[in-house]
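Chemist:
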Amino acid sequence: MSEHDASRREFLRRAAVGAGTVAGAGIVPEALAQSREQDKKSTPETNAPPHSQSNGEGLGAFLNRDDAATVAAFTERLMPGAPGKPGARDAGVLNYIDLALAGAYAELQDFYRRGLAQLDGYCRKTFNEPFLRLSAARQDEVITALAEGKAAGFSWPTAQAFFNTLRTHTMEGMFADPIYGGNKDFAGWRLVGFPGAQPIYTATDMQNKQAFTRTPIVGL
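Here this note's numbering = 1-based position in the sequence shown + 69.
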């Protein structure tokens with residue numbers, strides 16, 4: 070794993086610890102606000118999604134096969150795995166996002182569809198390849214351009230809003246309770262040393278100044 074990958078992993082890990090390990094899901098306000106504003110402006114003709122909802126054999130709860138592969142690659146660059154250190158793929162972040170878009174985050178379906186279409190268009194125009202086929206280094210270039218709002222061709226959602234939403238959902242998929250479809254085998258909690266929802270803490274546990282650890286880790 071490169072130094073760049075390590076620093077990105079550490080940023081997300083520290084962000085999760087600093088905010089308190091995510092116990093549940095919460096829609097990104099910026100994304101939700103943009104989605105609702107776009108709904109007000111759109112007509113049935115202009116609001117037609119560029120990608121159809123997936124419902125065929127071998128597809129997920131919402132994302133079609135191509136979009137799912139792109140989201141998986143994008144989130145893995147945000148939270149890359151390393152030997153002994155789980156990444157987004159290991160923690161099932163894609164499954165978390167796919168289930169959320171089919172349920173609690175249904176209002177963001179068009180946000181994701183259009184964001185992924187714009188991402189594909191930007192990559193093809195810049196590198197003549199879709200995001201999925203780019204090298205890791207070029208994928209990182211694209212992600213940096215999105216984060217800095219420098220990726221051309223984005224209208225709604227904006228490049229930064231799309232990046233911020235995917236980053237937040239990656240963190241949720243890594244660190245939310247496994248009941249929501251991510252944090253597979255408590256991979257995210259193990260990474261940050263979170264013991265889960267233990268049923269009881271002894272007096273000794275409460276007085277101990279060391280990081281609390283106990284198995285099994287308990288979720289919802």
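Note that CB positions come from ideal geometry on N, CA and C, so glycine has one too. Predicted, not measured: the structure shown is a model, and the values here were computed from it.
Considering only C-alpha positions, which residue in the set Gly184, Gln276, Pro152 and Ala221 is nearest to aspartate 136?
Modeler: To locate residue 136, count along the sequence shown from 1; it is residue 67. Nearest of Gly184, Gln276, Pro152 and Ala221 to aspartate 136, Cα basis: Gly184.
Chemist: Taking threonine 139 as the reference, which of Leu177, Gln187 and Arg283 has the closest Cα?
Modeler: The residue given as residue 139 occupies position 70 in the sequence shown. Of the listed residues, the one whose Cα sits closest to threonine 139 is Gln187.
Chemist: Per DSSP, what kind of secondary structure is alanine 151 in: helix, strand or coil?
Modeler: Taking the sequence shown and counting its residues from 1, the one referred to as residue 151 is at position 82. Correct three-state label for alanine 151: strand.
Chemist: Three or more C-beta pairs under 8 Å: does that hold for the region 169 to 176 against the region 256 to 273?
Modeler: Flag = no, the region 169 to 176 and the region 256 to 273 do not touch.
Chemist: Can you tell me the Cα-Cα spacing of threonine 115 and alanine 221, whole angstroms?
Modeler: Counting from 1 along the sequence shown, the entry for residue 115 is found at position 46. Counting from 1 along the sequence shown, the entry for residue 221 is found at position 152. Low confidence applies here, because threonine 115 scores a pLDDT of 40, under 50, leaving its location unreliable and the question unanswered by this model.
Chemist: Would the region 188 to 196 count as touching the region 204 to 222 if we require 3 or more Cβ pairs under 8 Å?
Modeler: Segments in contact, yes.
Chemist: Among the candidates Ala205, Gly250 and Met243, whose CA atom is the shortest distance from the CA of alanine 171?
Modeler: The sequence position of residue 171 within the sequence shown is 102, counting from 1. Of Ala205, Gly250 and Met243, the residue nearest in Cα terms is Gly250.
Chemist: What three-state label does DSSP hand glycine 242 in the structure shown?
Modeler: Counted from its first residue, the sequence shown places residue 242 at position 173. Helix.
Chemist: Can you find the residues in the same chain that come closer than 6 Å, C-beta to C-beta, to glutamine 229, ignoring five residues on each side of it along the sequence?
Modeler: What you label residue 229 is simply residue 160 of the sequence shown in a count that begins at 1. Gly218, listed in sequence order.
Chemist: With a CB to CB cut of under 8 Å and the five nearest residues on each side skipped, what residues in its chain are close to phenylalanine 255?
Modeler: If you number the sequence shown from 1, residue 255 lands on position 186. Excluding positions up to five away in sequence, the list reads Pro247, Gly265, Ile286 and Gly288.
Chemist: Whole angstroms are fine: how far does the CA of arginine 134 sit from the CA of leucine 235?
Modeler: Taking the first residue of the sequence shown as 1, we reach residue 235 at position 166. Taking the first residue of the sequence shown as 1, we reach residue 134 at position 65. Straight-line Cα distance between these residues: approximately 18 Å.
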